[in-house]
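Asker:
There are 2 protein chains.
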Amino acid sequence: MNPLYIQIKKRITESLVGGLWHPGHSIPSEIELAQSYNVSQGTVRKAIDELAAEKILIRRQGKGTFVASHNEEHNQLRFLRLTSSLGDKEKLDNKLITFEKEKASNGLAKILGINNASTVVSIKRVLTFNEKPLILDLIKVPAASFRGLTPEKVIEKKGSMYRMYETDFGIQMLHAKEKIRAVTASAEAAELLGVSLDSPILSVERTSFTYDNKAIEWRLGLCLTENHHYATELE
Amino acid sequence: MNPLYIQIKKRITESLVGGLWHPGHSIPSEIELAQSYNVSQGTVRKAIDELAAEKILIRRQGKGTFVASHNEEHNQLRFLRLTSSLGDKEKLDNKLITFEKEKASNGLAKILGINNASTVVSIKRVLTFNEKPLILDLIKVPAASFRGLTPEKVIEKKGSMYRMYETDFGIQMLHAKEKIRAVTASAEAAELLGVSLDSPILSVERTSFTYDNKAIEWRLGLCLTENHHYATELE
DNA sequence: GAGTGGTCTAGACCACGGC
DNA sequence: CCGTGGTCTAGACCACTCA
Numbered sequence: 035m036n037p038l039y040i041q042i043k044k045r046i047t048e049s050l051v052g053g054l055w056h057p058g059h060s061i062p063s064e065i066e067l068a069q070s071y072n073v074s075q076g077t078v079r080k081a082i083d084e085l086a087a088e089k090i091l092i093r094r095q096g097k098g099t100f101v102a103s104h105n106e107e108h109n110q111l112r113f114l115r116l117t118s119s120l121g122d123k124e125k126l127d128n129k130l131i132t133f134e135k136e137k138a139s140n141g142l143a144k145i146l147g148i149n150n151a152s153t154v155v156s157i158k159r160v161l162t163f164n165e166k167p168l169i170l171d172l173i174k175v176p177a178a179s180f181r182g183l184t185p186e187k188v189i190e191k192k193g194s195m196y197r198m199y200e201t202d203f204g205i206q207m208l209h210a211k212e213k214i215r216a217v218t219a220s221a222e223a224a225e226l227l228g229v230s231l232d233s234p235i236l237s238v239e240r241t242s243f244t245y246d247n248k249a250i251e252w253r254l255g256l257c258l259t260e261n262h263h264y265a266t267e268l269e
Numbered sequence: 035m036n037p038l039y040i041q042i043k044k045r046i047t048e049s050l051v052g053g054l055w056h057p058g059h060s061i062p063s064e065i066e067l068a069q070s071y072n073v074s075q076g077t078v079r080k081a082i083d084e085l086a087a088e089k090i091l092i093r094r095q096g097k098g099t100f101v102a103s104h105n106e107e108h109n110q111l112r113f114l115r116l117t118s119s120l121g122d123k124e125k126l127d128n129k130l131i132t133f134e135k136e137k138a139s140n141g142l143a144k145i146l147g148i149n150n151a152s153t154v155v156s157i158k159r160v161l162t163f164n165e166k167p168l169i170l171d172l173i174k175v176p177a178a179s180f181r182g183l184t185p186e187k188v189i190e191k192k193g194s195m196y197r198m199y200e201t202d203f204g205i206q207m208l209h210a211k212e213k214i215r216a217v218t219a220s221a222e223a224a225e226l227l228g229v230s231l232d233s234p235i236l237s238v239e240r241t242s243f244t245y246d247n248k249a250i251e252w253r254l255g256l257c258l259t260e261n262h263h264y265a266t267e268l269e
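Those sequence lines, one after another, are chains A and B.
Numbering follows my numbering, in which position 170 of the first sequence is assigned residue number 204; successive positions increment by one, without gaps.
Numbering follows my numbering, in which position 42 of the second sequence is assigned residue number 76; successive positions increment by one, without gaps.
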């Protein structure tokens with residue numbers, strides 16, 4: 035049998051997945067949870083500690099424990115690791131290129147955990163910083179999970195896809211895996227990013243996950259790294 | 035005043051830095067530490083919990099708590115994020131190109147936290163996988179911290195620089211920051227890696243740190259990513 | 001002042017490793 | 001069997017937030 039605090043953690047996660055508690059709002063206090071689960075406060079505390087470490091919950095002394103939300107300004111770019119090498123502040127913008135529905139390839143279906151040839155929404159866009167194109171994104175999400183996703187919504191949200199997923203579809207991005215390569219610009223990428231053919235491009239392939247490691251989005255980002263770099267930390 | 039467990043954590047870290055306990059060996063049991071620090075076992079436990087989360091200590095139920103070591107086989111490549119896209123097992127090898135001592139530039143001195151124009155050891159090498167060149171590394175470390183570092187040592191250790199730092203110089207790599215870019219192959223890189231001029235190359239600039247965030251090594255890795263990718267996780 | 005999370009303690013019992 | 005870390009509990013007190 036699993037340790038008690040792991041079971042409590044699971045039950046809390048289930049309440050989160052089930053939508054019992056909502057992002058940005060508080061969950062019951064440790065004492066209340068301890069009573070309703072019939073365990074000691076210390077056990078609830080340990081369960082919440084882990085969820086807080088995973089950034090799924092946020093503790094605030096004196097106020098309570100809250101469901102993490104990515105709506106706040108400073109969280110907008112939580113998953114955007116590309117930063118200016120000069121350290122200047124930049125104005126982010128979003129230009130939609132295409133918005134289509136299509137059948138998922140076998141590989142994509144496997145990654146997203148959906149049936150072969152299920153419908154996916156395919157979005158192509160260019161992110162600009164200070165009016166200059168920097169990233170060409172190709173994004174694919176299961177249509178079934180995002181009914182009502184329209185080109186207008188993508189444009190309206192100005193590039194904050196993950197924020198839109200949360201507010202409009204109740205789907206939260208919790209973590210992601212990336213594969214990074216150096217490639218040369220294709221004809222399309224060269225044109226959309228405004229560089230010459232065969233310029234070096236940083237290719238970032240990302241699969242994003244929500245609760246319980248359920249894949250929810252696949253995307254390929256092609257980034258210019260002349261004045262920017264991808265920052266990461268090894269531990 | 036800091037919480038007690040933070041103070042205990044600091045005292046444990048000091049013992050590690052001071053070399054009182056050695057990598058791979060066990061530290062005193064929680065009960066002994068609690069007695070010698072005059073705190074409860076729970077407080078020591080919380081301090082060790084954090085150090086274990088940072089992979090500085092390793093707990094083993096029934097055996098004790100050990101100082102993390104990177105000598106084990108499976109830890110060899112802890113900081114090598116480049117993996118084969120095909121998933122095959124590969125034979126790693128190491129070819130030393132140049133080994134020189136030089137004066138640190140101002141930028142490098144600042145990164146490494148040493149005086150301007152201090153002497154650094156500069157190493158250039160090529161890492162091969164299955165006999166094929168894959169990474170061109172340029173490594174710079176403060177000469178003062180690595181007295182006795184010779185070309186022979188680099189060759190002998192077959193690419194495990196961090197292992198050598200630990201066993202031969204008592205310096206442990208704990209974490210690192212990286213900046214990643216896509217660039218084109220210089221004439222030198224093209225020749226050493228066996229690709230054509232202007233091929234796309236993944237540039238990985240790394241600064242590595244030991245205890246207390248002290249920088250200890252700077253390196254630039256130029257990687258071929260035709261059949262490999264750099265893997266990372268966002269959380 | 002009431003309620004929240006944060007720290008600290010003391011003690012009980014469990015699970016694992018090695019003698 | 002003993003000693004280790006791992007879990008769980010109960011209770012005390014502190015620090016912070018807000019009415």
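The C-beta atom is built at its ideal place from N, Cα and C for all residues, glycine as well.
Ends of the alpha helix (DSSP H) at Lys-196(A)?
Answerer: Before going further, note that residue 196(A) is Tyr rather than Lys in the sequence given. Residues 195-203.
Asker: Please confirm if Thr-218(A) has its CB atom under 9 Å from at least one CB of chain B.
Answerer: yes
Asker: Suppose you measure from the CA of Ser-156(B) to the CA of Lys-191(B); what does that come to, to the nearest Å?
Answerer: Taking the straight line from one Cα to the other gives about 17 Å.
Asker: Below 9 Å on C-beta distance, what does Ile-173(B) contact in chain A?
Answerer: From the beta-carbon of Ile-173(B), no residue of chain A is found nearer than 9 Å; the closest lies around 16 Å away.
Asker: What do you reckon, are the CB atoms on Ala-223(A) and Leu-236(A) nearer than 9 Å?
Answerer: no
Asker: Would DSSP call Asp-242(A) helix, strand or coil?
Answerer: The displayed chain sequence assigns Ser, not Asp, to residue 242(A). If DSSP states are grouped into helix, strand and coil, Ser-242(A) belongs with the strands.
Asker: In the DSSP assignment, find the beta strand (DSSP E) that holds Glu-212(A) and state where it starts and stops.
Answerer: 209-218
Asker: Can you tell me the Cα-Cα spacing of Val-250(A) and Ala-86(B), whole angstroms?
Answerer: At residue 250(A) the sequence reads Ile, which differs from the Val that was named. Approximately 32 Å between the Cα atoms of the pair.
Asker: Excluding five sequence neighbours on each side, which residues of the same chain lie with their C-beta closer than 8 Å to the C-beta of Lys-125(A)?
Answerer: Phe-163, Asn-164 and Glu-165
Asker: Indicate whether Met-207(B) and Phe-243(B) have their beta-carbon atoms separated by less than 9 Å.
Answerer: yes
Asker: Within a Cβ cutoff of 8 Å, which residues of the same chain sit near Leu-130(B), ignoring the five residues on either side of it in sequence?
Answerer: Ile-157, Lys-158, Arg-159, Pro-185, Val-188 and Ile-189
Asker: Please check if any C-beta of chain B sits within less than 9 Å of the C-beta of Lys-211(A).
Answerer: So, interface residue.
Asker: So is Ser-119(A) in contact with chain B if we call contact Cβ pairs under 9 Å?
Answerer: yes
Asker: Taking 8 Å as the limit between beta carbons, can you name the residues of its chain near Asp-246(B), skipping five residues before and five after?
Answerer: Thr-47 and Val-51
Asker: What does Tyr-71(B) reach in chain A if we use C-beta pairs closer than 8 Å?
Answerer: Residues of chain A whose Cβ lies closer than 8 Å to the Cβ of Tyr-71(B) do not exist, since the nearest Cβ in that chain is about 22 Å away.
Asker: Return no unless some Cβ of chain A is closer than 9 Å to the Cβ of Lys-248(B).
Answerer: no
Asker: Check whether the segment 129-149 of chain A touches the segment 50-70 of chain B, taking contact to mean three or more Cβ pairs, one atom from each stretch, closer than 8 Å.
Answerer: no
Asker: Examine chain A for any beta-carbon lying closer than 9 Å to the beta-carbon of Tyr-264(B), and answer yes or no.
Answerer: It does; some Cβ of chain A falls within 9 Å.
Asker: Please tell me whether Leu-258(A) and Ile-169(A) are closer than 9 Å, where the distance is taken between their beta carbons.
Answerer: yes
Asker: Starting from Thr-259(B), find everything on chain A with Cβ-Cβ shorter than 7 Å and list it in chain order.
Answerer: Arg-215 and Ala-216
Asker: Just checking: is the beta-carbon of Ser-237(B) within a distance shorter than 9 Å of some beta-carbon in chain A?
Answerer: yes
Asker: Could you work out which residue in Glu-239(B), Thr-201(B), Ser-49(B) and Lys-89(B) is closest to Tyr-71(B) when comparing CA atoms only?
Answerer: Ser-49(B)
Asker: Taking 9 Å as the CB-CB limit, is Ala-177(B) close to chain A?
Answerer: Not one chain A Cβ lies under 9 Å of Ala-177(B).
Asker: Within 10 angstroms of the Cβ of Glu-64(B), are there 16 or more other Cβ atoms? Answer buried if so, exposed if not.
Answerer: buried
Asker: Nearest to Lys-137(A) by alpha carbon, out of Thr-99(A), Ser-103(A), Ala-178(A) and Asn-105(A)?
Answerer: Ala-178(A)
Asker: Name the residue from Trp-252(B), Met-198(B), Leu-256(B) and Thr-99(B) whose alpha carbon lies nearest to the alpha carbon of Glu-225(B).
Answerer: Leu-256(B)
Asker: Where does Glu-134(B) land, buried or exposed, given buried means 16+ other C-beta within 10 angstroms?
Answerer: With fewer than 16 Cβ atoms within 10 Å of its Cβ, Glu-134(B) is classed as exposed.
Asker: Cα-Cα, which of Ala-221(A), Val-175(A) and Ala-219(A) is closest to Phe-203(A)?
Answerer: Val-175(A)
Asker: Let me know the secondary structure DSSP gives Leu-116(A) once reduced to three states.
Answerer: strand
Asker: Give the straight-line distance between the Cα atoms of Glu-269(A) and Lys-211(A), rounded to the nearest whole angstrom.
Answerer: 16 Å
Asker: Taking Cβ positions, are Ile-145(B) and Trp-252(B) nearer each other than 9 Å?
Answerer: yes
Asker: Count the other C-beta atoms from every protein chain shown that fall within 10 angstroms of the C-beta of Ala-221(B), then say buried if there are 16 or more, exposed otherwise.
Answerer: exposed
Asker: Helix, strand or coil: which one does DSSP assign to Ser-179(B)?
Answerer: helix
Asker: Within the same chain, show all residues whose beta-carbon is closer than 7 Å to that of Glu-84(A), passing over the 5 residues directly before and after it, in chain order.
Answerer: Once the five neighbours on either side are set aside, the close Cβ partners of Glu-84(A) are Lys-43.
Asker: Around the C-beta of Ala-265(A), are 16 or more other C-beta atoms found within 10 angstroms, so that it is buried, or is it exposed?
Answerer: exposed
Asker: Let me make sure I understand the geometry here. Which of Gly-53(B), Leu-172(B) and Lys-89(B) has the alpha-carbon closest to that of Thr-132(B)?
Answerer: The shortest C-alpha to C-alpha distance from Thr-132(B) to any of Gly-53(B), Leu-172(B) and Lys-89(B) is the one to Leu-172(B).
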